[in-house]
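So the structure is just underneath, and the comments pick up after that.
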Amino acid sequence: MADNDDLLSCPACDRHMVKVYVKDANCNVDICLNGCGGIWFDNQELKRMDEQHENIDEILELIGNKEFNEVADVKRMCPVCGTPMVKNFVSAKHEIQIDECYNCGGKFMDRGELVAMRNQYATDAERERDVYRLVEQSFGATFKAQDAELKKGRPSAMNQCFKSFMDLFIEEAVCTQDHELALNKKAIRHINRNGY
Ligand SMILES: [Zn+2]
Ligand SMILES: [Zn+2]
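All residue numbers for the sequence shown refer to this note's numbering, where the first residue is 632 and numbers rise by one.
Written out as structure tokens, the structure is:
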């Protein structure tokens with residue numbers, strides 16, 4: 632979904648959000664300037680601002696020293712399409728959770744989360760490497776056993792299933808930057824398809 636022109640109500644505190652044009656990202660974000668300080672990103676916008684070298688001075692100037700209201704971290708509805716949003720960690724570090732709308736692709740970050748996310752890794756590539764590292768730690772031994780069996784040329788049907796499952800899992804984990812969610816979704820689909 633493209634950058635929307637509608638005035639949005641903050642999904643955390645219901646105040647009107649203010650559109651702020653971020654020049655280097657060439658899009659508007661919606662900031663809850665008179666309420667909680669949360670920021671709304673339409674689909675793909677966050678990707679243009681989540682690395683340290685990406686200039687977001689327009690946002691930092693507005694929220695830098697301002698006092699904002701506290702809000703509860705409860706389930707929230709998408710301010711664009713009304714779909715209940717899902718809370719996801721932004722990286723394998725599991726420190727920052729944001730709200731995501733799977734319908735329109737929008738994302739909401741509470742006050743302070745954008746800066747904290749940018750400080751976690753210098754680049755998206757580093758962030759992705761950390762996801763791989765986590766997968767390797769969690770499933771490395773299984774992968775090695777798997778490879779050994781494949782090399783012998785007689786992989787079992789179950790192992791082949793597992794391999795394709797893990798390929799999909801890694802792909803999605805990197806895309807969504809949330810390995811737990813990816814695992815759950817793939818596991819459910821796998822069970823639905825194969826009955827185990
Ligand atoms: Zn708010
Ligand atoms: Zn939405």
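We put the CB at the ideal spot given by N, CA and C, even for glycine.
Between residue i and residue j, is the Cβ-Cβ spacing less than 7 angstroms?
| i | j | result |
| --- | --- | --- |
| Leu-677 | Lys-718 | no |
| Lys-650 | Asp-661 | yes |
| Ala-747 | Ile-727 | yes |
| Ile-670 | Met-716 | no |
| Arg-646 | Gly-666 | yes |
| Met-648 | Cys-663 | yes |
| Asn-635 | Asp-673 | yes |
| Pro-642 | Arg-707 | yes |
| Arg-764 | Ser-722 | no |
What is the DSSP secondary structure of residue i, counted as helix, strand or coil?
| i | result |
| --- | --- |
| Ile-727 | coil |
| Met-716 | coil |
| Ser-640 | strand |
| Cys-709 | coil |
Beta strand (DSSP E) runs wholly inside the segment 637-706, at least 3 long, in chain order: The segment 637-706 contains these whole beta strand (DSSP E) runs: 649-653, 658-662 and 670-672.
What runs of the alpha helix (DSSP H), each 4 residues or longer, lie entirely inside the segment 747-784? If we require 4 residues or more, the alpha helix (DSSP H) runs fully inside the segment 747-784 come out as 755-782.
Below 8 angstroms, can you find three or more Cβ-Cβ pairs linking the segment 753-762 to the segment 674-689? The segment 753-762 makes contact with the segment 674-689, as at least three CB pairs between them are under 8 angstroms.
Can you list, in chain order, every residue whose CB sits closer than 6 angstroms to a heavy atom of ligand 2? Cβ-based neighbours of ligand 2 within the cut-off: Cys-709, Val-711, Cys-712, Thr-714, Cys-732, Asn-734, Cys-735 and Gly-737.
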